[in-house]
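J.: Following this message is one structure expressed as structure tokens.
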Amino acid sequence: MIHKREGHLPAAPENSSHRKIAVPFPSLPDLTLEGFRRKLANVDALPQLCVLGVLSGLLTGAVMVGFRLLLDLGALTFMPDGDPENFEGLSPLLRSSLPLLAVLIIGLFLWRQPAAARKMGVGHVIERLSYHQGRFPLRNWINQWWVGVISVIGGLSAGREGPAIHLGAAAASGIGQRLRLPHNSLRVLVACGTAAGISASFNTPIAGVIFAMEVVMLEYTIVGFMPVILASTMGALVAMLVYGSEPAFQVPSVSMGSLMNLPWIVVTALFIGLLAGLFIHVAKSTAIRGLPFWLRLILVAVATAGVAWWYPEVQGIGYDSLDASLTGHLAVDVLLALVVAKLLLTGLTVASGIPIGIIGPVLVVGAAAGALAGLAGAQLWPQLAAEPGLYAMLGMAAMMGAVLQAPLAALMALLELTHNPNIILPGMLAVVVSGLTARQLCRCDGFFVSVTRQGLHPLQQPLMQALSRVSVPAVMERSLVRTQRMVTREQARALLDAKPVWILIMRSTDDKPTLALKAADLARALMDEQLAEEVETASELIDLLEVPGQRLEMAPIHLQATLSEAFERLNDQAVDALFVEHGHRPKQKRISGIITRGAIERYYSLK
């Protein structure tokens, strides 16, 4: 451990190299951006997250309004009355040609792009949140604008909510990326953008919150709820300023009447649950996905065009058809076309790799199926049966809840759209029965839940869920000094004068830490009597790699990372500690602290 200074030995480092690691946060006031970032790294950064919730809600509301204005602008070019839903007003030849043209444009522009750039919609949002810390590629975001508009205006069976959620979540996350906020706050920003997108689309702020927490975040926490609620509120307010406070659909005032309707509601929900299972199986069909991309596009275009010739109601989002289902103004054959053809066309389009929104079409199919069940009930029990409009509302919620496996979001949407608390009892029954049917009989999980090889979504793992709420600065040890491997006794004492917890032993080649030594172990070695006898002069060198004590191999991690990222990196690199880097340019990176496996485990056990 002790070496005489000789020519072949490396020279002892100068005292100036034994400096305490600069900490980027504590010396700055809390009102600075650096102070704001440091607050956000903790699990209890509720005020700061609420500020982000308001900003992201306003931004997402503006994005959603812009997207809807693009749809309206596109409709003005050729749709009757400038209505993007009025495919019925077009000639059969024109409305059948639109899907062919839309698929051609989407195919030509997406064909040349890599597969990663073709990922869009809610599934893409969940993937980026789960595996990429809520960071979104700019190319996908730009693609979502024009693909979302063309798929709806072009007459495909597609919705606007999926694109709105992607655009809103990515825009909200962009705030955090622009400000270089910790990754745990990016998760909340993604949820805020999701909630505001749903809220601005349907004018349903509560349903937006529940959807974000139930489908995207997969958790319910107070710290997560409050900023998401603010974002959803702001998104709805922005949409109201432009489009008014009317709900997305004109819902009639209906009631269940006799309790004898409950058995038929159960039968209806069972039927809708089977439809939801069929839709998911078609949308995830490996047989369709195995076909060449060009053949899948042709299949979608021809199938949509063929059905549109006779039933234009299947085209676009279908909110006009949904309104007619609720008020009982659709013929039975049109309802059947919506249930069968629109369901299969939407599933086929998804399976073919065309990135469309599915929430709108799912609601339309559910409402049509419910209306059919209501008409059948009226034929069987004309004296007791409730109006078909009631069954259409229940069908809408049941289909949404079963496809997404999001019962609370479906119930909240039902309540906010109808403004009728009396519908909650049959709504709860319908949503639960349809959800169980899709899950148990059809073996379908939620449509947007991606499955890992271990069978669990990353955010469904309790450990990773808890660790993803906090960033590295909240747990890391900042009391550090760094030095080279060989030091004199005098220099070793100078290191300990800073009262560090860890000593980072740097590589001489690139000035990066290779090992971390407990400062207490060095102090104990200096006090050792045997060492004192061996050391004759202050110029003799001590090899820190031979000092008895705990030494940890290390790997780097960025200051913005969450504890879940740190935990995964510890396992991937097979090390027991990480040195935390601050800064983005390679030559300007500083070491801000060290985080050990034990520190993460202690945090989780205390929580």
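Each residue of the sequence shown is one higher than the one before, starting from 271 at the first, in my numbering.
Don't be surprised by glycine CBs; every beta carbon is placed ideally from N, CA and C.
Owing to the predicted nature of the structure, the values given are computational and were not obtained by experimental measurement.
(1) From the DSSP output, in three-state form, read off G705 for me.
(2) Whole angstroms is fine: what's the gap from G671's alpha carbon to V719's?
(3) So, do the region 309-328 and the region 497-506 have three or more beta carbon pairs nearer to each other than 8 Å?
(4) How many Å lie between A607 and S875 at the Cα?
(5) What is the residue span of the alpha helix (DSSP H) that T330 lies within?
(6) Taking the CB atoms as reference points, tell me whether G391 and P625 lie closer together than 8 Å.
(7) Whole angstroms are fine: how far does the CA of G543 sit from the CA of V524?
(8) From this set, G438, V635, G647, L548, which residue's C-alpha is nearest A621's C-alpha?
(9) Quick one, which of L685, A656, P652, L654 has its alpha-carbon nearest M666's?
(10) Just to confirm before moving on: does the CB-CB distance between K612 and G636 stay below 8 Å?
(11) What residues in its chain sit with their C-beta under 7 Å from that of H288, if we drop five residues either side in the sequence?
(12) Using 8 Å as the threshold, is the C-beta distance between A641 and A662 below it?
(13) Taking the beta carbon of D351 as the centre, do at least 16 other beta carbons fall within 10 Å, making it buried, or is it exposed?
(14) Going along the chain, which residues of its own chain have a beta-carbon closer than 6 Å to the beta-carbon of A582, five neighbours each way excluded?
(15) Please check the pair A439 and V395, which I expect to be a contact at CB under 8 Å, by giving their CB distance rounded to whole angstroms.
(16) Evaluate Q820 with the Cβ neighbour count: other Cβ atoms within 10 Å of its Cβ, from every protein chain shown; 16 or more gives buried, anything less gives exposed.
(17) Report yes if the C-beta distance between G478 and G505 is below 8 Å; otherwise report no.
(18) When you compare the CB positions of L596 and G659, do they come within less than 8 Å of one another, or not?
(19) Which parts of the region 542-598 are runs of the alpha helix (DSSP H), unbroken and 4 residues or longer, counting only runs that do not cross its ends?
(20) Rounded to whole angstroms, what is the Cα-Cα separation between S862 and P452?
(21) Per the DSSP calculation, R891 is bridged to which residue(s)?
(22) On the criterion of 16 or more Cβ atoms from any shown chain inside 10 Å, does H436 qualify as buried, or is it exposed?
(23) Spatial neighbours of S469 within its chain, please: C-beta separation below 6 Å, excluding the five flanking residues on both sides.
(24) Give the DSSP-derived three-state secondary structure of P826 in the structure shown.
(25) Answer with buried or exposed for W580, where buried requires no fewer than 16 other C-beta atoms within 10 angstroms of its C-beta.
(26) Please confirm if the region 367-381 is in contact with the region 563-571, defined as three or more CB-CB distances below 8 Å between the two stretches.
(27) I need the straight-line Cα distance from L360 to M349, nearest angstrom please.
(28) Express the C-alpha separation of L459 and R338 in angstroms, rounding to a whole number.
(29) Which stretch, first to last residue, makes up the alpha helix (DSSP H) that contains A372?
(30) Once you ignore the five residues that flank K309 on each side, which residues in its own chain have a CB closer than 6 Å to its CB?
(31) So V609 packs on L545, CB below 8 Å; how close in whole Å?
(32) Once DSSP output is grouped into helix, strand and coil, what is the label at H436?
(33) Suppose you measure from the CA of A656 to the CA of L633; what does that come to, to the nearest Å?
(34) Go to D813, then tell me how far its beta strand (DSSP E) extends in each direction, as first and last residue.
(35) Decide if P691 is buried, meaning its Cβ has at least 16 other Cβ atoms within 10 Å, or exposed.
(36) Rounded to whole angstroms, what's the CA-CA distance from L480 to L488? Just pull it up for me.
T.: Inspection of the coordinates gives the following:
(1) On the sequence shown, residue 705 is found 435 positions in, with the first residue counted as 1. In this structure, DSSP gives G705 a helical state, which the three-state scheme calls helix.
(2) Locating residue 671 in the sequence shown gives position 401, where the first residue counts as 1. Locating residue 719 in the sequence shown gives position 449, where the first residue counts as 1. Pairing G671 with V719, the inter-Cα distance amounts to about 14 Å.
(3) Segments in contact, yes.
(4) By one-based count along the sequence shown, residue 607 stands at place 337. By one-based count along the sequence shown, residue 875 stands at place 605. One C-alpha to the other measures close to 55 Å.
(5) One-based indexing of the sequence shown puts residue 330 at position 60. Counting along the chain, the unbroken alpha helix (DSSP H) around T330 starts and ends at 316-348.
(6) Locating residue 391 in the sequence shown gives position 121, counting from the first residue. Locating residue 625 in the sequence shown gives position 355, counting from the first residue. Yes, these two residues count as a Cβ contact at 8 Å.
(7) For this step, residue 524 is matched to residue 254 along the sequence shown. For this step, residue 543 is matched to residue 273 along the sequence shown. One alpha carbon belongs to V524, the other to G543, and they sit about 23 Å apart.
(8) By one-based count along the sequence shown, residue 621 stands at place 351. Across the set G438, V635, G647, L548, the C-alpha of L548 shows the shortest separation from the C-alpha of A621.
(9) Locating residue 666 in the sequence shown gives position 396, counting from the first residue. Looking only at L685, A656, P652, L654, the smallest Cα-Cα distance to M666 is reached by L685.
(10) Position 342 of the sequence shown, counted from the start, is the residue given in the question as residue 612. Position 366 of the sequence shown, counted from the start, is the residue given in the question as residue 636. Not closer than 8 Å, so no.
(11) Start at 1 with the first residue of the sequence shown, and residue 288 comes out as number 18. For H288, the pLDDT reaches just 47, beneath the cut-off of 50, and the residue's location in the model is therefore unreliable, leaving the point undetermined.
(12) Mapped onto the sequence shown, residue 641 falls at position 371. Mapped onto the sequence shown, residue 662 falls at position 392. With a cutoff of 8 Å on beta-carbon distance, A641 and A662 are scored as near each other.
(13) Numbered from 1 along the sequence shown, position 81 holds the residue referred to as residue 351. Per the 10 Å Cβ criterion, exposed.
(14) Taking the first residue of the sequence shown as position 1, residue 582 is located at position 312. Note on residue identity: the sequence assigns Pro, not Ala, to residue 582. Correct list, in chain order: F357, E358, R365.
(15) The residue labelled residue 439 in the question sits at position 169 within the sequence shown. The residue labelled residue 395 in the question sits at position 125 within the sequence shown. Yes, A439 and V395 are in contact; Cβ-Cβ is about 5 Å, under 8 Å.
(16) Your numbering for residue 820 matches position 550 in the sequence shown. Using a 10 angstroms sphere on the CB of Q820, the tally of other CB atoms stays under 16, which defines it as exposed.
(17) Along the sequence shown, one-based indexing puts residue 478 at 208. Along the sequence shown, one-based indexing puts residue 505 at 235. Taking a C-beta distance under 8 Å as the contact criterion, G478 and G505 qualify as a contact pair.
(18) In the sequence shown, counting from the first residue as 1, residue 596 sits at position 326. In the sequence shown, counting from the first residue as 1, residue 659 sits at position 389. Yes.
(19) Complete alpha helix (DSSP H) runs here, min 4: 556-559, 563-580, 589-597.
(20) Against the sequence shown, residue 862 aligns to sequence position 592. Against the sequence shown, residue 452 aligns to sequence position 182. Rounded to the nearest angstrom, the two C-alpha atoms are 14 Å apart.
(21) The structure shown has nothing for residue 891, since the chain only spans 271 to 877.
(22) Position 166 of the sequence shown holds residue 436. With 16 or more other Cβ atoms from the protein chains shown falling within 10 Å of its own Cβ, H436 counts as buried.
(23) If you number the sequence shown from 1, residue 469 lands on position 199. Sequence-distant Cβ neighbours of S469 in its own chain, meaning closer than 6 Å and more than five residues away, are P475, G478, S502, G505, A506.
(24) On the sequence shown, residue 826 is found 556 positions in, with the first residue counted as 1. Correct three-state label for P826: strand.
(25) Here the question's residue 580 lines up with position 310 in the sequence shown. Classification of W580: exposed, given that the 10 Å Cβ count is below 16.
(26) Between the region 367-381 and the region 563-571, the count of Cβ pairs shorter than 8 Å is three or higher; the stretches touch.
(27) The residue labelled residue 360 in the question sits at position 90 within the sequence shown. The residue labelled residue 349 in the question sits at position 79 within the sequence shown. Cα to Cα, the separation comes out at about 7 Å.
(28) The residue given as residue 338 occupies position 68 in the sequence shown. The residue given as residue 459 occupies position 189 in the sequence shown. For R338 and L459, the distance between alpha carbons rounds to 22 Å.
(29) The residue given as residue 372 occupies position 102 in the sequence shown. Counting along the chain, the alpha helix (DSSP H) containing A372 begins and ends at 362-381.
(30) Residue mapping note: residue 309 aligns to position 39 of the sequence shown, counting from 1. The residues are A315, Q318.
(31) Residue 609 sits at position 339 when you count from the first residue of the sequence shown. Residue 545 sits at position 275 when you count from the first residue of the sequence shown. The pair is a contact, with the Cβ atoms about 7 Å apart (cut-off 8 Å).
(32) The count along the sequence shown starts at 1 and reaches residue 436 at position 166. Three-state result, H436: helix.
(33) Position 386 of the sequence shown, counted from the start, is the residue given in the question as residue 656. Position 363 of the sequence shown, counted from the start, is the residue given in the question as residue 633. Spanning the two alpha carbons is a distance of roughly 20 Å.
(34) Position 543 of the sequence shown, counted from the first residue, corresponds to residue 813. 811-813 is the extent of the beta strand (DSSP E) around D813.
(35) Position 421 of the sequence shown, counting from 1, holds the residue named residue 691. P691 counts as exposed, since fewer than 16 other C-beta atoms from the protein chains shown sit within 10 angstroms of its C-beta.
(36) Here residue 480 is taken as the residue at index 210 of the sequence shown, counted from 1. Here residue 488 is taken as the residue at index 218 of the sequence shown, counted from 1. Note on residue identity: the sequence assigns Ile, not Leu, to residue 480. The alpha-carbon atoms of I480 and L488 are separated by roughly 10 Å.
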